[in-house]
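Worksheet: one structure, shown below.
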Amino acid sequence: MKHLLSTEDLSLANAVRILDTAEEMAAVGDREVKKLPALRGRTVVNLFFEDSTRTRISFEAAAKRLSADVINFAAKGSSVSKGESLKDTAQTLSAMGADAVVIRHWASGAPHRLASTDWIDAAVINAGDGTHEHPTQALLDAFTMRRHWSKLSGTGSIGEDLQGMRVVIAGDVLHSRVARSNVWLLRTLGAEVTLVAPPTLLPIGVEKWPCKVSYNLDETLERGADAVMMLRVQGERMNASFFPTTREYSRRWGFDDNRLRTLDSVGMKDTIIMHPGPMNRGLEISAAAADSPRSTVLAQVRNGVSVRMAALYLLLSGDTREPAANPKESN
Amino acid sequence: MADNNGTYLIRGAAILGAGAEDLLIRDGLIAERGTDLAGTGAADGATVIDASGLVALPGMVDVHTHLREPGREDAETVETGTRAAALGGYTAVHAMANSTPVADTAGVVEQVYSLGRDAGWVDVRPVGAVTVGLAGEQLAELGAMADSRARVRMFSDDGICVHDPVLMRRALEYVKAFDGVVAQHAQEPRLTAGAQMNEGEVSAVLGLTGWPAVAEESIIARDVLLTQHVDSRLHVCHVSTAGSVEIVRWAKERGINVTAEVTPHHLLLTDDLVRSYDPVYKVNPPLRTDADVQALRAGLADGTIDVVGTDHAPHPSEHKECEWAQAAMGMTGLETALSVVQHTMIETGLMTWADFARVTSTAAAQIGRLADQGRPLEAGEPANIILVDPAARWTVDPSKMATMGRNSPFAGRELPGKVVATFFKGHPTVLDGKLNTPYRYRAPSPAGAS
């Protein structure tokens, strides 16, 4: 692995290796001194063309716990005419000796451009690009699910995948990089994914994705789910005729108190509720659901640091070998 | 100083791909056509060009070229663009109106026309804008452009769709007064707001905003019906979808006076290439699916699609060396069109060289109402002729092209076919596959006098 650009092309062996390494990193977070010397003297640049305080500080914490030097570059100017081009920015960072670039960009494919051109030689980590992918978010989600799934089965997490786990992802799939990265990664890990959304918020072509698609959240939940992930509804969608009103959206596709009660009444006691944050309480998720014991929202944030430590460590530690095929790989 | 009165004897060329004959060129015309003209004495003193193994075709006519001048001389000039055209086998190009200023007045089209004559590599036929400033609000002075020295017959807001149905109707009606044609860029604007690539399987994965086929097809359907209603003449630029081919086929069956164009890149490339996020593949209309490519080839072969138009769209490198969403749309095409059409249409057995002449020259000249172009290779006709080596193979290298644009989507590909010579008005603008000298008009245009 030279870069981490997407989960679509992430092998099962590499995915499990990142998750396993993240488990080791998580143990560091439990120690009194939360720091490893692994990346001492290495420089990690957080290159953010789009505001995201949560993702930036998560990567910053991850890099610092590995003793890397961290530079935060908020390059919010968005067009060639307004400021420096991506090419010039990349060449500038290259000249400064960046070893890794963590890039968040509003344009789909921008990390791919950095990695595939000769503008910069550093390792590139995609921290969210447009409506394309957000691989570390999917990895932290999978990490959270794997801990839950292996706890239920009474085994340890290390080396495990998500074979047989039923995952429901509900909301604005069309504009969601989180949904895309999760669909590919969960497929690779062997989970069964069902997307639930209004038809307007599913991309044309979704029928070719390795998952089921439903327009009905209640029916999907009734069929059984081990994890339900609610996606954020962006404010700008609300006035673009993707759905009539936020109240109708919430009634049909939000995880509200009724649906929370349904989980209890049909005996799905182990189903977890996930959200990548930040949440619109009362829109795609009710306050009661977000704060219930089923909610993994804060665990996801915590696990994000471990997963990002693992990604930085594996890309920068010089071990770029492909791991041997995972012994648990069944397909 | 170029010699416009040269006499050339082309020996043993396969005329339109058929049997080998000689062509004698004198005073800008084909003086004679026959076997072994050297023996008759008529060719005494002529420069002999051995064309054995070469195909002789009428000079190609591009219905769709962006020469960028005036306004974006950093992207292309009339001089560089027409050099590229000559090297690509063209003897005429239609220069699209989206320059700066827009070619929406007699003054601008005459300027472009003069620049073309001063360059002397090909006929430059300016296309006039349909609406003032391409703004889609008010008709430009179409009649003044038609009556100008540029004698504009094709009108287009290309790059932007004339989407207001009333304005489109009026334009179609008005151009009837001077035998004009409205060349429509069919793109419903609301359905393509922010569109980045073909909407389908690939856009779903890449998270790029989709440009649905229906946005093109719905405009074409509307426009052929409007054309029938007002009994006018419509040309559809760069048809890109299987559905568009079906609609045009239906319209022609009903006798509607519509012509359609396909670009070389839509005959070969698909949206799978966008997975690289390399903006060299960003173009409008976007690259579509393989099913669309196959339908376009079939449509071109059966005459539903009348012509190949390059949509040659050079851009400075900084407009392509960036994020996909930031990048400009467009590809160069003048120097690769012949090879791509040979590769996709002739080597697949879908077309002959005679068909090639129809779709790259004869039909294109008729759409643009160019009397001296796209003519048969017969005695007495204007000597706009190209010689092509169909057996040649070459690897596309944009840095070696005459166009200033380096944005060729075919870079690195091996393609067949090479233009060996281009005769424009009897003068060789290209010889031995290299630029020779431009044609010099006897009375220099006053605007371009230096």
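Those protein sequences? They're chains A and B, same order as listed. Residues 17 to 347 (the numbering used here) are what the first sequence spells out, left to right. Residues 5 to 454 (the numbering used here) are what the second sequence spells out, left to right. By construction, the Cβ of each residue, glycine as well, lies at the ideal position given by its N, Cα and C atoms.
Going by beta-carbon coordinates alone, are residue i and residue j separated by less than 8 Å?
{"i": "P394/B", "j": "V59/B", "result": "yes"}
{"i": "Q316/A", "j": "D177/A", "result": "no"}
{"i": "T23/A", "j": "A154/A", "result": "yes"}
{"i": "L342/B", "j": "G57/B", "result": "no"}
{"i": "G313/B", "j": "H242/B", "result": "yes"}
{"i": "C2/B", "j": "Q142/B", "result": "Since the first residue shown for chain B is 5 and the last is 454, residue 2/B is missing from the structure and cannot be characterised."}
{"i": "N270/B", "j": "V297/B", "result": "For the sequence presented, residue 270/B should be read as His rather than Asn. Yes; because the gap between Cβ atoms is below 8 Å, this pair is in contact."}
{"i": "E339/B", "j": "L91/B", "result": "yes"}
{"i": "N388/B", "j": "D275/B", "result": "no"}
{"i": "A38/A", "j": "L205/A", "result": "no"}
{"i": "A106/A", "j": "F65/A", "result": "no"}
{"i": "A123/B", "j": "V82/B", "result": "yes"}
{"i": "T366/B", "j": "V345/B", "result": "no"}
{"i": "I29/B", "j": "L381/B", "result": "no"}
{"i": "L255/B", "j": "D310/B", "result": "The sequence given here places Ala at residue 255/B; Leu does not occur at that position. Against a cut-off of 8 Å, the Cβ pair of D310/B and A255/B comes out as no contact."}
{"i": "G85/B", "j": "T104/B", "result": "no"}
{"i": "G270/A", "j": "I289/A", "result": "no"}
{"i": "A101/B", "j": "D162/B", "result": "yes"}
{"i": "V209/A", "j": "V194/A", "result": "no"}
Does the beta carbon of residue i sit closer than 8 Å to a beta carbon anywhere in chain A?
{"i": "G211/B", "result": "yes"}
{"i": "Q232/B", "result": "no"}
{"i": "G214/B", "result": "yes"}
{"i": "A18/B", "result": "no"}
{"i": "M208/B", "result": "According to the sequence displayed, residue 208/B carries Ala and not Met. At least one chain A Cβ lies under 8 Å of A208/B."}
Return the bridge partner residues of residue i from the DSSP annotation.
{"i": "A243/A", "result": "V183/A and I288/A"}
{"i": "H316/B", "result": "T69/B and M335/B"}
{"i": "A90/A", "result": "F64/A"}
{"i": "V52/B", "result": "L13/B"}
{"i": "E418/B", "result": "T399/B"}
{"i": "K228/A", "result": "T210/A"}
{"i": "T135/B", "result": "L143/B"}
{"i": "E3/B", "result": "What the structure shows of chain B is the stretch from 5 to 454, and residue 3/B is not part of that stretch, so it cannot be assessed."}
{"i": "D127/B", "result": "A96/B"}
{"i": "H431/B", "result": "F428/B"}
{"i": "V186/B", "result": "F159/B and L238/B"}
How far does the beta strand (DSSP E) with residue i in it extend, from its first residue to its last?
{"i": "A96/B", "result": "Y94 to A99"}
{"i": "I119/A", "result": "A116 to H121"}
{"i": "N440/B", "result": "Note, N440/B: premise wrong, no beta strand (DSSP E); not H, not E."}
{"i": "N142/A", "result": "A139 to D145"}
{"i": "G38/B", "result": "L33 to G38"}
{"i": "L21/A", "result": "No beta strand (DSSP E) holds L21/A; DSSP gives it neither H nor E."}
Please confirm if residue i has its CB atom under 8 Å from at least one CB of chain B.
{"i": "I220/A", "result": "yes"}
{"i": "K51/A", "result": "no"}
{"i": "H150/A", "result": "no"}
{"i": "S101/A", "result": "yes"}
{"i": "V96/A", "result": "The predicted model places V96/A with a pLDDT of 41, which falls under 50 and marks its position as unreliable, so this point remains unresolved."}
{"i": "H19/A", "result": "no"}
{"i": "E252/A", "result": "no"}
{"i": "H164/A", "result": "no"}
Give a single yes or no on whether residue i has its beta carbon closer than 7 Å to a heavy atom of the ligand NAP.
{"i": "V112/B", "result": "Ligands in the displayed structure: none, and consequently the ligand NAP is not present."}
Let's see if you can read the secondary structure: which residues bound the alpha helix (DSSP H) around residue i?
{"i": "S169/A", "result": "P151 to S169"}
{"i": "G259/B", "result": "It is not in any alpha helix (DSSP H) - G259/B carries neither H nor E in the DSSP assignment."}
{"i": "E264/A", "result": "T262 to W269"}
{"i": "I34/A", "result": "L28 to G45"}
{"i": "R30/B", "result": "Note, R30/B: premise wrong, no alpha helix (DSSP H); beta strand (DSSP E) at A24 to R30."}
{"i": "V278/B", "result": "No alpha helix (DSSP H) contains V278/B, which DSSP labels as neither H nor E."}
Should residue i be flagged as near chain D, meaning a C-beta pair shorter than 8 Å?
{"i": "S403/B", "result": "No chain D appears in this structure, whose protein chains are A and B."}
Within 8 Å of chain B by C-beta, residues of the segment 124-146 of chain A in sequence order: Residues passing the 8 Å Cβ filter: S124, G125, A126, H128, R129, S132, T133, D145 and G146.
For the segment 221-246 of chain A, which residues have a CB atom closer than 8 Å to at least one CB atom of chain B, in sequence order? Only G221, V222, K224 and W225 from the segment 221-246 of chain A bring a Cβ to less than 8 Å from some Cβ of chain B.
The segment 184-198 of chain A: positions lying closer than 7 Å to chain B by Cβ: Result list: R193 and R196.
Below 9 Å between beta carbons is the criterion; list the residues of the segment 306-336 of chain B that meet it against any residue of chain A, in chain order. Listed in chain order, the positions of the segment 306-336 of chain B with a beta carbon within less than 9 Å of a beta carbon of chain A are E322, H323, E325, C326, E327, W328, A329 and Q330.
What residues in the segment 278-308 of chain B have a beta carbon less than 8 Å from any beta carbon of chain A? Here the close residues are S280, Y281 and D282.
Chain A contacts from the segment 184-206 of chain B (Cβ-Cβ distance under 9 Å): Cβ contacts with chain A come from Q200, E203, G204, E205 and V206.
Which residues, in order along the segment 21-47 of chain A, keep a beta-carbon less than 8 Å from a beta-carbon of chain B? If the cut-off is 8 Å between Cβ atoms, the segment 21-47 of chain A has E24 near chain B.
Against chain B: residues of the segment 280-308 of chain A by CB proximity under 8 Å: Those residues of the segment 280-308 of chain A that come within reach of chain B (Cβ to Cβ, closer than 8 Å) do not exist; the list is empty.
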